[in-house]
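Reviewing the structure listed below.
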Amino acid sequence: MKFPLILTVLASMAASCFSSAYATGMTPEFSVLLVNANDNGASINVKNTDDKAELLYTVMTPTY
């Protein structure tokens, strides 16, 4: 059975209104981190928004 276009549009609108998504994981304080190589590093605050403990480990290698 084929649905008329109006029913398809209404169904997709209803689905988008009632659906919700929640992101979990690591949320950084800022979206960009500038690293000065002369200072040998940088730091940023990261909040764990997940319900379980997680470990965030990052290594940066210079490109010349």
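Per our numbering: the sequence shown = residues 226 to 289. In this text, a Cβ means the ideal position worked out from N, Cα and C, and glycines have one as well.
Handout entry: Same chain, Cβ closer than 7 Å to Phe255, five either side skipped, listed in chain order
Key = As a position in the sequence shown, residue 255 is number 30, starting the count at 1. Closer than 7 Å at Cβ, skipping near neighbours: Ile269.
Practice task
State the beta-bridge partners of Thr252 as determined by DSSP.
Solution key: Within the sequence shown, residue 252 is the residue found at index 27, counting from 1. According to DSSP, Thr252 bridges with Lys272.
Exercise for the section: Using DSSP bridges, identify the partner residues of Asn261. Expected result: For the purposes of this step, residue 261 is identified with residue 36 of the sequence shown, where counting begins at 1. DSSP, once it has assigned bridges, lists Gly266 as partnering Asn261.
Handout entry: Val257 vs Gly266 beta-carbon contact at 8 Å
Key = Taking the first residue of the sequence shown as position 1, residue 257 is located at position 32. Taking the first residue of the sequence shown as position 1, residue 266 is located at position 41. In this structure, Gly266 does not lie closer than 8 Å to Val257 by Cβ.
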